[in-house]
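Going by this note's numbering, the letters in the sequence shown line up with residues 2 to 339, in that order.
Using N, Cα and C, we set each Cβ at its ideal position, and we do this for glycine too.
Step one of this worksheet: look at the structure below.
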Amino acid sequence: MKILDLQYDCVINGTVAFGKASYEEAVALLIPLIDKTEFQRKLQDKKFYSKLERDIADGCVMPPITVAFVTAKPVKEKDIEKYVNANINSSFVLDGIQRLNTLHRASVTTEFNDNNNLYINFILCDSVEKLLYRMITLNNGQRPMTPRHQVEIMIANAFDFEALGINVVAEKDANMHNSRTSFRKSDIIQAYLAFMADSPIVDNKKIIEEKMDDLLVGKIMAIEPTKYKSSFKEFLGLISIFQKNAEAFKWLKTTNNLVGFAAGAKHSTKKLKSMNEDQFALCIETFDKAFSDFNPSRIKVGKYRRELSCEYFKNLEEYEDLDAEELLERFSELTAND
């Protein structure tokens with residue numbers, strides 16, 4: 002195992018060494034450490050990490066793990082690498098047991114090469130209490146973020162809406178004027194979830210939120226990242242163009258329309274890129290004419306709007322030349338058993 006860099010942790014008065022090991026070394030040297038600590042989480046059912054196991058076989062980079070040493074005597078910087086390799090059996094896994102166990106399972110069916118490396122944070126300090134504190138503050142002490150919270154943070158940091166030509170406003174910052182001229186941040190978050198999950202069903206008030214989040218994560222993880230060539234940034238680029246038409250903008254600002262459109266558009270990005278805002282407006286005009294002929298007292302309007310707008314834009318090349326009556330006939334066939 003190689004040490005790449007060192008830092009001193011002033012809170013626990015310990016040294017943090019950033020290193021790496023080949024997957025083969027990690028399996029041989031670190032797997033035996035898994036059962037050494039009673040305060041660690043028990044190994045979870047392998048179904049929770051089956052996607053990571055497949056990704057490892059496909060060549061993903063494993064997130065770093067943390068391995069700890071309790072040593073009363075300070076170790077000189079120049080001796081850290083030698084110390085780590087000589088005393089690895091006396092260390093324990095502070096964070097990453099599930100990942101290591103998944104790596105172990107993957108090693109049974111996958112032949113790793115020298116380019117497959119696991120990155121490791123080695124922490125050396127003089128008491129287990131300090132290490133337990135570090136584990137709690139960095140890991141177990143925090144309530145896991147919901148998918149929506151993670152997406153909210155990602156959206157805030159990954160997309161420059163102003164540069165993309167889109168006005169997005171949080172509900173707490175909205176006033177009468179900008180609420181009319183902007184997209185709600187909550188709607189963009191729902192659209193992103195629909196885009197990632199490949200489904201317009203990203204919430205359900207009948208299902209408790211925690212379970213709905215589990216179902217949503219399952220949908221997202223079932224989609225291979227390389228399956229579609231389009232990105233959400235491209236989707237936002239389409240929005241910035243189509244919003245120039247007043248009727249299109251009004252349609253897109255409706256949550257159910259935007260969510261359904263986001264789920265379907267990833268399948269038709271190439272076709273949508275060839276359209277201008279007025280052509281898009283004609284498409285939604287046809288869609289709305291067809292949709293308006295459903296009896297609102299007999300259907301769940303919001304659910305149907307999400308699902309059918311997704312279906313329409315998912316198969317846009319098939320539907321774009323149909324008039325409203327023909328489109329209604331196709332929609333009625335799709336919903337006949339509902």
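(1) Applying the 10 Å Cβ sphere with the 16-neighbour rule, what's the burial state of leucine 335?
(2) Assign leucine 165 to buried or exposed, taking buried as 16 or more other Cβ atoms, counted over all protein chains shown, within 10 Å of its Cβ.
(3) Where do the ends of the beta strand (DSSP E) carrying aspartate 96 lie?
(4) Can you find at least 3 beta carbon pairs, one from the stretch 180-194 and one from the stretch 302-312, that sit closer than 8 Å?
(5) Does the pairing of the stretch 104-114 with the stretch 15-34 give three or more beta-carbon distances under 8 Å?
(6) Below 8 Å, how does it come out for the stretch 250-265 and the stretch 180-191: are there three or more Cβ pairs, yes or no?
(7) Grouping DSSP H, G and I as helix and E and B as strand, with all else coil, what is alanine 192?
(8) Spatial neighbours of aspartate 324 within its chain, please: C-beta separation below 8 Å, excluding the five flanking residues on both sides.
(9) Might you give, ordered along the chain, the residues of its own chain that have their beta carbon closer than 8 Å to the beta carbon of methionine 2, omitting 5 neighbours on each side?
(10) In this structure, how does DSSP classify lysine 315 when only helix, strand and coil are distinguished?
(11) Just checking my contact of valine 94 with isoleucine 66 at CB under 8 Å: how many whole Å lie between their CB atoms?
(12) Taking the alpha carbon of histidine 150 as the reference point, which residue from Asp214, Glu321, Phe162, Ile240 has its own alpha carbon closest?
(13) To the nearest angstrom, report how far apart asparagine 246 and glutamate 278 are at their CA atoms.
(14) Taking the straight line between their C-alpha atoms, what separation do you get for methionine 136 and phenylalanine 314?
(15) On the three-state DSSP scale, how would you describe serine 23?
(16) If you follow the beta strand (DSSP E) that leucine 1 is part of, which residue opens it and which one closes it?
(17) Report all residues from its chain with a CB closer than 8 Å to the CB of glutamate 172; omit the five preceding and five following residues, and keep chain order.
(18) Roughly how many angstroms separate the alpha carbons of proline 64 and leucine 216, rounded to a whole number?
(19) Using a beta-carbon distance below 9 Å, is threonine 270 in contact with chain B?
(20) Return helix, strand or coil for phenylalanine 1, following the three-state DSSP convention.
(21) Determine the burial state of glutamate 312: buried for a count of at least 16 other Cβ atoms within 10 Å of its Cβ, exposed for fewer.
(22) Can you give the Cα-Cα distance for glycine 265 and glutamate 308, rounded to whole angstroms?
(23) Per the DSSP calculation, arginine 185 is bridged to which residue(s)?
(24) Please state whether the Cβ-Cβ distance between valine 17 and leucine 5 is less than 9 Å.
(25) Closest to leucine 132 by CA distance: which of Ile167, Lys267, Asp322, Val12 is it?
(26) Hey, how far is the Cα of cysteine 61 from the Cα of alanine 282?
(27) Return the chain-ordered list of same chain residues with a C-beta closer than 8 Å to the C-beta of alanine 337, the five sequence neighbours on each side being excluded.
(28) Give me the residue from Glu54, Tyr24, Gly15, Val218 with the minimum Cα distance to valine 76.
(29) To the nearest angstrom, report how far apart threonine 270 and leucine 101 are at their CA atoms.
(30) Among Leu329, Ser232, Gln280, Ser298, which has the Cα closest to the Cα of alanine 159?
(31) With distances taken between CB atoms, is the gap from leucine 125 to alanine 69 smaller than 9 Å?
(32) What separation, rounded to the nearest whole angstrom, lies between the Cα atoms of aspartate 96 and tyrosine 320?
(33) Can you grab the Cα-Cα spacing for the pair aspartate 289 / lysine 220, in whole Å?
(34) Count the other C-beta atoms from every protein chain shown that fall within 10 angstroms of the C-beta of valine 28, then say buried if there are 16 or more, exposed otherwise.
(35) Please list, in chain order, all residues of the same chain as leucine 53 whose beta carbon is under 6 Å from its beta carbon, the five residues on each side excluded.
(36) DSSP state of threonine 111, grouped into three classes?
Quick look at the numbers:
(1) By 1-based counting over the sequence shown, the position of residue 335 is 334. In summary, leucine 335 is exposed, with fewer than 16 beta-carbon neighbours lying within 10 Å of its beta-carbon over all protein chains present.
(2) Here residue 165 corresponds to residue number 164 of the sequence shown, with the count starting at 1. So leucine 165 ends up on the exposed side.
(3) Indexing the sequence shown from 1 puts residue 96 at position 95. Element bounds for aspartate 96: 93-96.
(4) Judged by Cβ distances under 8 Å, the stretch 180-194 makes no contact with the stretch 302-312, as fewer than three pairs qualify.
(5) Yes, they touch.
(6) Enough Cβ pairs lie closer than 8 Å, so yes.
(7) Sequence index remark: in the sequence shown, residue 192 carries index 191 (1-based). In this structure, alanine 192 counts as helix in the three-state DSSP scheme.
(8) In the sequence shown, residue 324 corresponds to position 323, counting from 1. Same-chain partners within the cutoff: Thr287.
(9) In the sequence shown, counting from the first residue as 1, residue 2 sits at position 1. So the list reads Gly20, Lys21, Ala22, Glu26, Leu30, Glu82, Val85, Asn86, Ile89, Ile121, once near-sequence residues are dropped.
(10) As a position in the sequence shown, residue 315 is number 314, starting the count at 1. Three-state result, lysine 315: helix.
(11) Counting from 1 along the sequence shown, the entry for residue 94 is found at position 93. Counting from 1 along the sequence shown, the entry for residue 66 is found at position 65. Confirmed, about 6 Å.
(12) Within the sequence shown, residue 150 is the residue found at index 149, counting from 1. Taking only the C-alpha atoms, the option nearest histidine 150 is Asp214.
(13) If you number the sequence shown from 1, residue 246 lands on position 245. If you number the sequence shown from 1, residue 278 lands on position 277. Spanning the two alpha carbons is a distance of roughly 6 Å.
(14) One-based indexing of the sequence shown puts residue 136 at position 135. One-based indexing of the sequence shown puts residue 314 at position 313. The C-alpha of methionine 136 lies about 47 Å from the C-alpha of phenylalanine 314.
(15) Position 22 of the sequence shown, counted from the start, is the residue given in the question as residue 23. In the structure shown, the three-state DSSP call for serine 23 is strand.
(16) Shown here, the chain extends from 2 to 339; a query on residue 1 therefore has no answer.
(17) Counted from its first residue, the sequence shown places residue 172 at position 171. Excluding residues up to 5 positions away in sequence, Arg185, Lys186, Ser187 lie with their Cβ nearer than 8 Å to the Cβ of glutamate 172 in the same chain.
(18) On the sequence shown, position 63 is the one that residue 64 refers to. On the sequence shown, position 215 is the one that residue 216 refers to. Taking the straight line joining both Cα atoms gives about 24 Å.
(19) Of the protein chains in the structure, only one exists, and it is not chain B.
(20) Since the first residue shown for the chain is 2 and the last is 339, residue 1 is missing from the structure and cannot be characterised.
(21) The sequence position of residue 312 within the sequence shown is 311, counting from 1. With 16 or more Cβ atoms within 10 Å of its Cβ, glutamate 312 is classed as buried.
(22) Looking up residue 265 in the sequence shown gives position 264. Looking up residue 308 in the sequence shown gives position 307. Their backbone Cα atoms lie some 9 Å apart in a straight line.
(23) As a working note, residue 185 is residue 184 in the sequence shown. Its beta-bridge partners are Val170.
(24) Position 16 of the sequence shown holds residue 17. Position 4 of the sequence shown holds residue 5. For valine 17 and leucine 5, no; Cβs fall outside 9 Å.
(25) Locating residue 132 in the sequence shown gives position 131, where the first residue counts as 1. Nearest Cα to leucine 132 within the set Ile167, Lys267, Asp322, Val12: Val12.
(26) On the sequence shown, residue 61 is found 60 positions in, with the first residue counted as 1. On the sequence shown, residue 282 is found 281 positions in, with the first residue counted as 1. Roughly 42 Å separates the two Cα atoms.
(27) As a first step, residue 337 is located in the sequence shown; it is residue number 336 there, counting from the start. The answer is none, since no qualifying residue turns up.
(28) Taking the sequence shown and counting its residues from 1, one reaches residue 76 at position 75. Out of Glu54, Tyr24, Gly15, Val218, Gly15 has the C-alpha closest to the C-alpha of valine 76.
(29) Within the sequence shown, residue 270 is the residue found at index 269, counting from 1. Within the sequence shown, residue 101 is the residue found at index 100, counting from 1. Each residue's Cα considered, the two are about 39 Å apart.
(30) Looking up residue 159 in the sequence shown gives position 158. For the set Leu329, Ser232, Gln280, Ser298, the Cα lying nearest the Cα of alanine 159 is the one of Ser232.
(31) In the sequence shown, the residue the question calls residue 125 occupies position 124. In the sequence shown, the residue the question calls residue 69 occupies position 68. Judged by beta-carbon spacing, alanine 69 lies within the 9 Å limit of leucine 125, meaning their Cβ atoms are closer than that value.
(32) Locating residue 96 in the sequence shown gives position 95, counting from the first residue. Locating residue 320 in the sequence shown gives position 319, counting from the first residue. Taking the Cα positions, aspartate 96 is about 51 Å away from tyrosine 320.
(33) Translated into the one-based positions of the sequence shown, residue 289 becomes position 288. Translated into the one-based positions of the sequence shown, residue 220 becomes position 219. Roughly 28 Å between the two C-alpha positions.
(34) Mapped onto the sequence shown, residue 28 falls at position 27. It is buried - the Cβ of valine 28 has at least 16 other Cβ atoms within 10 Å.
(35) Numbered from 1 along the sequence shown, position 52 holds the residue referred to as residue 53. Only Thr103 meet the Cβ criterion.
(36) For this step, residue 111 is matched to residue 110 along the sequence shown. DSSP places threonine 111 in coil when its eight states are reduced to three.
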